[in-house]
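Contents: one structure, followed by commentary.
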Amino acid sequence: MQVLKKLLLSHARPVQLVLALLGSALGLAILMAGVQMWVDVSQVLKQKDMLGGDYVVINKKVSLLNTLGGKPGSFSQEEQQEIRSVKGISDLAAFRKGRFKASMELSGSMGQIAGPGLKTLLFFEALPDRFIDVEQGDWHWKSGDRSVPIIIPTDYFNLYNQSMAESQQLPVIPENLLKSVTFKLTIEGNGKTEELQGRIAGFSQRINSILVPEKFLDYANQRYGPGDNEEPSRLILHAGEPSSPALSAFFRDRGYELNQEKLKASRINTLLQLVMAMVALLGVFIVGLALLGFLQYNQLLAYRSAWEIQTLHWTGFSLSAIARPYLIFILRNLLMAWAVATALAVVLRWYISNSLAEKGLEADMPGIWPALLLGIFVATAMATITLATVRRQIKQLAR
Amino acid sequence: MNLIHFYNVLPVPLADSPVKGNVWNRNLVFFRDKHYVIQAESGRGKTTLLNIIYGTRKDFRGEVFFDETNVTGLDMNAFAGLRSHTLSYLFQDLRLFPALTAWENIEMKPGNKFTRAHVESWAEKLGVAAQLHKPCGKLSLGQQQRIAAIRALVQPFSWLLLDEPFSHLDDRNAGLMMELIQERCREEGAGILATSLGTNHRFVNFETREV
């Protein structure tokens, strides 16, 4: 009813309203962007680093002594049991070695572009699937499959692109392209040879090895390997906090080595997520303040119309009829704030993913749905709280 | 709603002063087919009586019944409903919205069942037809009182509450307004509860109650 709107909302102060709404929009945008960044960064780190989180690779120090002694730096069953029982280590697996010869070369049109001779000898290792974080569809091999998924270290890939390609006048290959290329994979041993197709299923920053699925390694070792069991020389373990003093001391005492760089990466990862969490927290704080501002604005608005509210009720208007103009006013304003916040968050997200891509951190970004859903949820919560407060206030003023 | 029953009702603010008259702290019934005038000097609770019936004052002892219904069981929205079809009130402070025109004030009244033509004929009779399109804030108190009276008469009602209805009117205009009020009350078969400071020569055939 137009008359009610005129009576109840004539005290609206545009400047205060715009400030309150700007605050709401800004807070909401920061909150949305913070959460989206957190989701994005976790996703990017996960994709960049399949063995993400708190996985550490250890090996024994290679010294002249164990080079001369018959036993190289391998881990016995007893040693593996001991490490498994150390507090803070939740999972452990041995790197299993391929005991066959393997070589890979570019095939098809890529081979023609790169020219002949891009052929390399390879050495495969395998880990249980639970240590591999690649999409299940990509990381799968069963007996009889001609196509073998392979994970290579990011370092190798970068070395090729950044140094070798340039110096040898070879083409630079983007990640996605490399994933779509099939290689000719030849494995041999025991006087037998088999030709298969290799494809890159992913890149790992932490595992400095070329990985194939365990099943494939079993199959190839059985057919082309010597058939004996060798103790592993490298272990991967999962620890809640691999850089804890207790674990460090244990590794040092036993003469085990672990890559310090990886620990740094784990710390940076934690730090980055902490920063994102702080940004989101700041968003929560600003949203909280903005909500308070918006709430008080609306309370003040209703309070300025105290006489009108009472008179309307005294002349027979129901409380909900009196509340309706406020309801529309609040929803309209929050909708505007939400729209501005969403636009801001989308632009901010676009800007951040662009600058990440410039730094070579491009990855399949997850959708912006987490931020949008969060925005809708927070705006709805703000609307619910504001409406409930104003309704209660109208009831008090109407008496 | 045919009966308004006061059972030992006493407004809390009056609890400490000696009770006079024949309204407070008594078993008292108002009948719809009668007209009553509540008479007293200022501060004896005349307006309070109307407000207790109208549901805008809850600070009283005792019990009030509309027919069989105890009013303490009626919530704010129930009263909002009653105010649009059962109880009509001409407030002492008029309560017109000053920024709205007289016509807007009348038209927006919940329960309003009359056309503009009807309202114009009443305004004509009361001498405020030219004021209908003016903001109420620009009208004299006497004009406002007549507009407020018209607003009180456009809805259906079983009871008409009049709080010093002629306080801003001269004798002639008060007479004209009383005619219109009587006419509408006959149509609705409504009872009247009016208050007066004492000069009640307008209230012919009204039963007097003193507070």
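Chains A and B are the protein sequences, given in the same order.
If you want the working numbering, it's the position in the first sequence, counting the first as 1, plus 1.
If you want the working numbering, it's the position in the second sequence, counting the first as 1, plus 538.
C-beta atoms are modelled at their ideal positions from N, C-alpha and C, and glycine is treated no differently.
Candidates the options: closest to residue i by CA position
i	options	result
A607(B)	D597(B), Y545(B), S555(B), W641(B)	In the sequence as presented, Ala is not what sits at residue 607(B); that position holds Thr. The residue with the shortest Cα to Cα distance from T607(B) is Y545(B).
N177(A)	T194(A), A250(A), R200(A), K185(A)	R200(A)
P402(A)	S86(A), N162(A), R85(A)	Past the boundaries of the shown model lies residue 402(A); chain A is included only from 2 to 400, so the question cannot be answered.
W308(A)	M614(B), N565(B), L632(B), D708(B)	L632(B)
A728(B)	L691(B), R564(B), A668(B)	L691(B)
Q82(A)	L236(A), F132(A), V57(A)	L236(A)
A380(A)	S181(A), A389(A), L29(A), I269(A)	L29(A)
S25(A)	R305(A), A338(A), E232(A)	A338(A)
K6(A)	E748(B), A637(B), K651(B)	A637(B)
A303(A)	Q394(A), V40(A), L18(A)	Q394(A)
G192(A)	G226(A), L248(A), Y298(A)	G226(A)
L349(A)	R325(A), L128(A), E359(A), A34(A)	A34(A)
Contact with chain A by residue i, beta-carbon distance below 7 Å
i	result
F603(B)	no
M646(B)	yes
S580(B)	no
R570(B)	no
S696(B)	no
F652(B)	no
A553(B)	no
A618(B)	yes
M715(B)	no
R633(B)	yes
S622(B)	yes
N589(B)	no
M614(B)	yes
E748(B)	no
E726(B)	no
E642(B)	yes
Within-7 Å CB hit, residue i to chain B
i	result
L8(A)	yes
L388(A)	no
V391(A)	no
L328(A)	no
S319(A)	yes
V4(A)	yes
T385(A)	no
F378(A)	no
T312(A)	yes
Residue i - partner residues in DSSP beta bridges
i	result
T733(B)	I576(B), D701(B)
R599(B)	L548(B)
F204(A)	I153(A)
E760(B)	Absent from the structure is residue 760(B), since the part of chain B shown begins at 539 and ends at 749.
M105(A)	T121(A), L186(A)
Y298(A)	Looking at the DSSP assignment, Y298(A) forms no beta bridge with any residue, so it has no partner.
Q37(A)	According to DSSP, Q37(A) bridges with nothing at all.
H543(B)	V567(B), F603(B)
N608(B)	F603(B)
A95(A)	L236(A)
Expected contact under 8 Å - CB spacing of residue i and residue j to nearest Å
i	j	result
S108(A)	T187(A)	That pair is no contact at about 11 Å.
A166(A)	P175(A)	With 8 Å as the limit, A166(A) and P175(A) do not qualify as a contact, their Cβ atoms being about 11 Å apart.
I329(A)	T387(A)	With 8 Å as the limit, I329(A) and T387(A) do not qualify as a contact, their Cβ atoms being about 13 Å apart.
F124(A)	A95(A)	Incorrect: roughly 16 Å between the Cβ atoms, too far for contact.
S144(A)	Q198(A)	That pair is no contact at about 15 Å.
L634(B)	F695(B)	The pair is not a contact, with the Cβ atoms about 18 Å apart (cut-off 8 Å).
G99(A)	N209(A)	Contact doesn't hold; Cβ gap of about 15 Å is too wide.
L714(B)	Q683(B)	Actually they are not in contact, since the Cβ atoms of L714(B) and Q683(B) sit about 12 Å apart, beyond 8 Å.
I576(B)	L735(B)	With a Cβ gap of about 11 Å, I576(B) and L735(B) do not count as contacting.
N563(B)	L541(B)	Actually they do not touch by this definition, with Cβ atoms about 19 Å apart.
E658(B)	V4(A)	About 19 Å separates the two Cβ atoms, so there is no contact after all.
R740(B)	Y574(B)	With 8 Å as the limit, R740(B) and Y574(B) do not qualify as a contact, their Cβ atoms being about 13 Å apart.
S234(A)	N60(A)	6 Å
Local Cβ density within 10 Å of residue i, reported as buried at 16 or more and exposed below that
i	result
W697(B)	buried
S354(A)	buried
V567(B)	exposed
T586(B)	buried
T385(A)	exposed
V288(A)	buried
E717(B)	exposed
F617(B)	buried
F286(A)	exposed
M277(A)	buried
K62(A)	exposed
M2(A)	exposed
G71(A)	Confidence at G71(A) is low in this model, with a pLDDT of 48, below 50, so its placement is unreliable and no value can be given for it.
M279(A)	exposed
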